[in-house]
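Protein chains in written order, with this note's numbering: chain A, 1 to 198; chain B, 199 to 396.
By construction, the Cβ of each residue, glycine as well, lies at the ideal position given by its N, Cα and C atoms.
Only a predicted model underlies this, so the values are computations on that prediction, with no experimental measurement involved.
One structure is given below, encoded as structure tokens.
Protein chains: 2
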Amino acid sequence: MKVTNKKQQSLLAAGRELFWKHGFRRISIDEVCKVAGASKMTFYRYFPDKLALAKAVFDDEVDKGTLQFREIMISESSASEKLEAMLRTKADSVNNISQEFLNDFYSDKDSDLRAYIAQKTADVWNEIVNDFKMAQQKGVFRSDFKPEILLYISQQLPGFINDPYLVQLCGSPQEVVMEIARFFTYGIAPNDKTTVEK
Amino acid sequence: MKVTNKKQQSLLAAGRELFWKHGFRRISIDEVCKVAGASKMTFYRYFPDKLALAKAVFDDEVDKGTLQFREIMISESSASEKLEAMLRTKADSVNNISQEFLNDFYSDKDSDLRAYIAQKTADVWNEIVNDFKMAQQKGVFRSDFKPEILLYISQQLPGFINDPYLVQLCGSPQEVVMEIARFFTYGIAPNDKTTVEK
DNA sequence: CAATTACTATACTATTTTCGTATTTTTGTA
DNA sequence: TACAAAAATACGAAAATAGTATAGTAATTG
């Protein structure tokens with residue numbers, strides 16, 4: 001569903017803002033309309049129901065994320081920098097995205113929604129792995145590296161950056177991210193490309 | 199209303215947590231009970247209705263704040279340090295407290311609630327001013343200083359610490375707080391007690 | 001042990017909220 | 001003026017929520 005209209009966009013924005021904070025269940029259409037400065041009739045002109053808006057918000061966010069990722073991959077930066085940028089945006093989005101929103105999405109009785117998310121997630125996952133492999137062929141990453149593993153690890157990241165021990169060890173959540181990036185980039189073997197500083 | 203019971207306390211805690219995030223309107227009693235691990239009947243054993251829980255949460259928070267303030271005033275620190283500590287906790291609480299919660303409180307149709315808040319606020323305000331005046335008599339602050347003015351200014355603080363210009367000027371929100379504290383403590387006249395560092 | 005207390009689970013009604021649509025009014029515009 | 005888009009309002013149906021009643025279970029206490 002392409003969003004081109006002005007009112008439609010402000011509805012989308014309002015939906016994003018409210019869903020983000022409070023999740024999808026708690027927000028009523030009237031509320032979205034109020035924030036968007038649109039009437040309910042206008043809402044139903046552009047979206048069949050609340051679920052459709054939620055999907056649109058979800059899609060929009062995923063698209064933005066993918067775009068961001070693409071920019072990082074295309075940029076002329078080193079493997080280390082790419083990795084760090086990726087982990088950082090991942091960490092950011094995790095911190096900003098309301099868990100509420102995803103919770104409501106996942107725990108919807110309408111299992112149609114779950115399938116929808118699963119599909120979308122799988123698609124994005126594939127795209128990312130492909131981009132990785134392309135970069136790999138260009139020599140940005142070592143040839144026997146498996147992108148799937150990195151993605152799996154990055155799923156664990158939210159737990160890492162909020163771990164008090166790690167944060168204390170590294171100084172700040174940002175440093176945790178960088179440290180992990182360095183770790184994955186160079187492993188633990190010492191080499192001449194980088195020097196580890198305390 | 200004194201809270202002594204165990205279940206009652208977990209209900210209060212759950213209420214605080216949920217109200218804080220989403221405000222008072224959006225949260226149902228069932229939800230509070232679920233989080234608190236209590237049944238609805240238990241809820242109604244301790245609270246007449248949802249509003250009572252909200253009031254209890256509000257009271258509890260105000261009491262905590264007042265206690266914190268008292269500790270600062272009683273402590274053997276200088277005027278500057280007291281002021282900074284006060285502004286800092288104020289800034290913290292403002293950043294942490296959900297605006298949602300207060301919004302729901304203020305915009306309740308039941309104007310009884312508004313009066314309740316107004317009363318409580320006035321009480322706390324008076325207590326604080328009194329504490330100030332006592333400290334003033336002990337010589338902690340200059341004798342012709344008017345505590346009311348400081349409180350008035352501190353109402354404006356949330357706007358200050360989020361002002362991009364000020365934050366950039368001082369380096370960080372924390373620095374803004376300290377700078378303001380210094381400003382109010384020593385004014386702008388140079389003296390030998392402190393040196394202003396860039 | 002018996003009695004009391006604290007609590008849970010469930011079911012139920014009344015009330016409120018929300019949804020989605022229909023109708024009328026306003027606004028912007030060719 | 002005429003016309004289309006959107007707002008405001010109203011409204012019935014469906015869903016969520018509040019608050020109560022009942023029955024029964026677990027934990028405490030004398």
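Residue range of the alpha helix (DSSP H) that includes residue i
| i | result |
| --- | --- |
| Glu229/B | Ile227 to Ala234 |
| Pro362/B | Pro362 to Cys368 |
| Asn103/A | Gln99 to Tyr106 |
| Phe343/B | Run containing Phe343/B: none; DSSP gives neither H nor E here. |
| Ser208/B | Lys204 to His220 |
| Arg223/B | No alpha helix (DSSP H) holds Arg223/B; DSSP gives it neither H nor E. |
| Lys238/B | Lys238 to Tyr244 |
Neighbour-count burial assignment, residue i, 16 or more Cβ in a 10 Å radius
| i | result |
| --- | --- |
| Met284/B | buried |
| Ala113/A | The sequence given here has Leu at residue 113/A, not Ala. Label assigned to Leu113/A: buried. |
| Ile128/A | buried |
| Phe381/B | exposed |
| Lys280/B | buried |
| Gly15/A | buried |
| Lys193/A | Legend: pLDDT at Lys193/A = 42, less than 50; position of this residue unreliable, no value from coordinates given. |
| Leu53/A | buried |
| Asn191/A | Low per-residue confidence applies at Asn191/A: pLDDT is 42, beneath 50, and the placement is therefore not dependable, though the value from the model is reported in the following sentence. Exposed, since its Cβ has fewer than 16 Cβ neighbours within 10 Å. |
| Ile347/B | exposed |
| Glu282/B | buried |
| Gln168/A | exposed |
| Leu99/A | In the sequence on display, residue 99/A carries Gln and not Leu. Under this definition Gln99/A is an exposed residue. |
| Gln8/A | buried |
| Ala181/A | buried |
| Gln119/A | exposed |
| Tyr350/B | exposed |
| Ser237/B | exposed |
| Glu197/A | Note that Glu197/A has pLDDT 36, beneath the 50 cutoff, so the model's placement of it is unreliable and no number is given. |
| Thr393/B | Bear in mind that a pLDDT of 36 at Thr393/B, under 50, signals an unreliable position, so the number given afterwards is only what the model happens to contain. So Thr393/B ends up on the exposed side. |
Residue closest to residue i, alpha-carbon to alpha-carbon, out of the options
| i | options | result |
| --- | --- | --- |
| Glu71/A | Pro147/A, Asp131/A and Gln99/A | Asp131/A |
| Tyr244/B | Leu209/B, Lys219/B and Val233/B | Leu209/B |
| Phe222/B | Val255/B, Lys205/B and Val233/B | Val255/B |
| Gly357/B | Glu346/B, Pro345/B and Val375/B | Val375/B |
| Leu249/B | Pro371/B, Val233/B, Ser226/B and Met239/B | Ser226/B |
| Lys204/B | Gly235/B, Glu229/B, Ile347/B and Lys219/B | Gly235/B |
| Phe101/A | Arg26/A, Ala13/A, Glu179/A and Ala181/A | Arg26/A |
| Leu18/A | Asp104/A, Asp63/A and Phe145/A | Asp104/A |
| Val124/A | Asp60/A, Glu84/A and Val140/A | Asp60/A |
| Gly337/B | Tyr242/B, Met239/B, Met271/B and Val233/B | Met271/B |
| Pro147/A | Ala118/A, Val35/A and Ala79/A | Ala79/A |
| Leu265/B | Thr287/B, Phe343/B and Arg340/B | Thr287/B |
| Lys275/B | Trp218/B, Asn324/B and Phe339/B | Correcting the residue type first, residue 275/B is Ser in the shown sequence and not Lys. Answer by Cα proximity: Phe339/B. |
| Ala320/B | Val260/B, Phe241/B, Tyr242/B and Cys231/B | Val260/B |
| Asp228/B | Tyr363/B, Gln334/B and Phe241/B | Phe241/B |
Length at least 4, wholly inside the region 48-91 of chain A: the alpha helix (DSSP H) runs in chain order: 50-74
Chain B contacts made by the region 4-32 of chain A, where a contact means CB separation under 9 Å: Lys21, His22, Gly23, Arg26 and Ile27
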